[in-house]
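Take 1 as the starting number for the sequence shown in the numbering used here and just add one per residue. The C-beta atom is built at its ideal place from N, Cα and C for all residues, glycine as well. Please read the structure below before turning to the comments.
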Amino acid sequence: MENADDQAAGASAAAVENPRLEDYRVAIGRNTEYYLPRFEALEAGGSKIGWNWPAFFFTTPWFLYRKMWLVGILNVVYPFALGFFGGIVTALLAGVVRATPMLFGVIFLLLLAAPWVLLPMYANALYHRHIADLVDTMPRVYAQIPEKKRQRLERDGGTAFAAMIAAVGFFGIVLLGMLAAIAIPAYQDYTIRAQVSEGLALATSVKVDIAEYWDANQGWPEQVDLSGDRPVGKFVASVGVASGSVVITYGNEANAVLDGQRLILVPGIDTRGRVVWICGNASRPYGVAVADGPSGSNLADKYLPSACRGGPR
Numbered sequence: 001m002e003n004a005d006d007q008a009a010g011a012s013a014a015a016v017e018n019p020r021l022e023d024y025r026v027a028i029g030r031n032t033e034y035y036l037p038r039f040e041a042l043e044a045g046g047s048k049i050g051w052n053w054p055a056f057f058f059t060t061p062w063f064l065y066r067k068m069w070l071v072g073i074l075n076v077v078y079p080f081a082l083g084f085f086g087g088i089v090t091a092l093l094a095g096v097v098r099a100t101p102m103l104f105g106v107i108f109l110l111l112l113a114a115p116w117v118l119l120p121m122y123a124n125a126l127y128h129r130h131i132a133d134l135v136d137t138m139p140r141v142y143a144q145i146p147e148k149k150r151q152r153l154e155r156d157g158g159t160a161f162a163a164m165i166a167a168v169g170f171f172g173i174v175l176l177g178m179l180a181a182i183a184i185p186a187y188q189d190y191t192i193r194a195q196v197s198e199g200l201a202l203a204t205s206v207k208v209d210i211a212e213y214w215d216a217n218q219g220w221p222e223q224v225d226l227s228g229d230r231p232v233g234k235f236v237a238s239v240g241v242a243s244g245s246v247v248i249t250y251g252n253e254a255n256a257v258l259d260g261q262r263l264i265l266v267p268g269i270d271t272r273g274r275v276v277w278i279c280g281n282a283s284r285p286y287g288v289a290v291a292d293g294p295s296g297s298n299l300a301d302k303y304l305p306s307a308c309r310g311g312p313r
């Protein structure tokens, strides 16, 4: 097995034989043993297609770490530009091309994932070009003085750990922002729907009283026709009755979106003579004779249970 002295001697011999390799070694900095053989293969006419695992797992941070600023920044901008222009193209083509939204979604995901595959595939070739440009564009005033040349290559080449950390932090902030933008409204909607369900639960006993009143009188009651107090809850100001309809009014500690809003349950008689209930904005079932009381809801459908929403369910 070669020892460290043998490897160092081999590296020095290679540098004497090919001074350009020494320039590459200085400009690369870390992991020269990985990149130098690949650079030699590329300069010998080898394929530009390879694979770089760090560039796969940490694409933008890796490019910034290796000071390939343009590629790193473009990879940050790319998803946002793709979303913006992709949305415009989708809107323009939606009426021309007969394609489902799922197809557009698949195309968008493929385009979004493309840099994640292509950049690691060509990362070594891109890095070779970057390092070669540093060597080839070295000002003559530095290139003719070995010490200045080394300092210049170390400054412009090498690695930028701080930039990588900044990129990771940026992506972390963006990811948290995106998750918050999705999670906070979703949680608020969930909370509102839970508060709406309290009103439906409180209305259960009132619905029973109304059904019993119909069985006994073949008519729909008003509030004064029923005994007992009107139910209230933490998020429900009242549950009243008007011409047979159960009127749930939200308030107390309810979300501001619910405060003062109503959800109404309308009774009806089906073809078998049974009492059925129509909740909120739901359509009336065929053959049901409904009460004359108020109906509907002034709440958005997204806050209502599926059985209380308008349109197909």
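Buried versus exposed, by CB contacts within 10 Å (16 or more), residue i
i    : result
Q188 : exposed
M178 : exposed
W336 : This structure cannot settle anything about residue 336, because the visible part of the chain is limited to 1 through 313.
R309 : buried
F39  : buried
E222 : exposed
S283 : exposed
I192 : buried
K234 : exposed
N298 : exposed
K302 : exposed
Q218 : exposed
L176 : exposed
Y190 : exposed
L109 : exposed
Q151 : exposed
R262 : buried
M1   : Here the model assigns M1 a pLDDT of 40, short of 50, so the residue's position is not dependable and the matter cannot be decided.
Residues near residue i in its chain [Cβ-Cβ closer than 7 Å; skip 5 each side]
i    : result
M164 : P61, L64, Y65
A225 : Residue identity differs from the one stated: residue 225 is Asp in this sequence, not Ala. Result list for D225: Y213, in chain order.
K48  : L42, Y122, A125
T204 : none
P79  : L112
E147 : none
Proximal residues to residue i (C-beta, below 8 Å), its chain only, five neighbours per side dropped
i    : result
V236 : E198, G199, L202, I248, T249, Y250, G251, N252, A254
P120 : W51, N52, W53, A55, F56, T59
L103 : none
Q268 : Gln is not the amino acid found at residue 268; the sequence shown has Gly there. If we look at G268 and ignore the five residues flanking it on each side, its Cβ neighbours are V275, V276, W277, I278, R284, P285, V288, A289, V290, A291.
N75  : T59, T60, F63, P115, L119
G157 : V26, A27, I28, G29, K67, I131, L134
L82  : F108, L111, L112
V232 : L202, S238, V239, N252
Residue(s) in a DSSP beta bridge with residue i
i    : result
A242 : S245
I278 : V266
A289 : I269
V236 : Y250
S227 : Beta-bridge pairing links S227 to no other residue.
S297 : L263
Cβ shell of residue i (< 6 Å), same chain only, five flanking positions each side left out
i    : result
V206 : V239, V246
W35  : Sequence inspection shows Tyr at residue 35; the Trp mentioned does not correspond to that position. Once the five neighbours on either side are set aside, the close Cβ partners of Y35 are I28.
A211 : V275
Q7   : The predicted model places Q7 with a pLDDT of 45, which falls under 50 and marks its position as unreliable, so this point remains unresolved.
L304 : G280
V135 : D23
A143 : K149
H130 : M68
D209 : L226
beta-carbon residue i near the ligand HEM non-hydrogen atom, thresh 7 Å
i    : result
G177 : What this structure holds is no ligand at all, so the ligand HEM is not there to describe.
Whole-number beta carbon distance between residue j and residue i, since they are thought to touch under 8 Å
i    : j    : result
G287 : D270 : 6 Å
L153 : V26  : 4 Å
A242 : G293 : 5 Å
V196 : L258 : 7 Å
C-beta neighbour in chain D for residue i, strict 8 Å
i    : result
V275 : Here there is only one protein chain, and chain D is not present.
In chain order, which beta strand (DSSP E) runs of at least 3 residues are fully inside the stretch 169 to 203?
Entirely contained in the stretch 169 to 203, not one beta strand (DSSP E) run reaches 3 residues.
Exercise. At what residue ranges does the stretch 69 to 150 contain a whole run of the beta strand (DSSP E), taking only runs of 3 or more?
Worked result: Within the stretch 69 to 150, no run of beta strand (DSSP E) at least 3 residues long lies entirely inside it.
| query | What alpha helix (DSSP H) runs, 4 residues minimum, are completely inside the stretch 20 to 69? | reply | Scanning the stretch 20 to 69 for uninterrupted alpha helix (DSSP H) segments of 4 residues or longer gives 32 to 43, 53 to 57, 59 to 65, listed from N- to C-terminal end.
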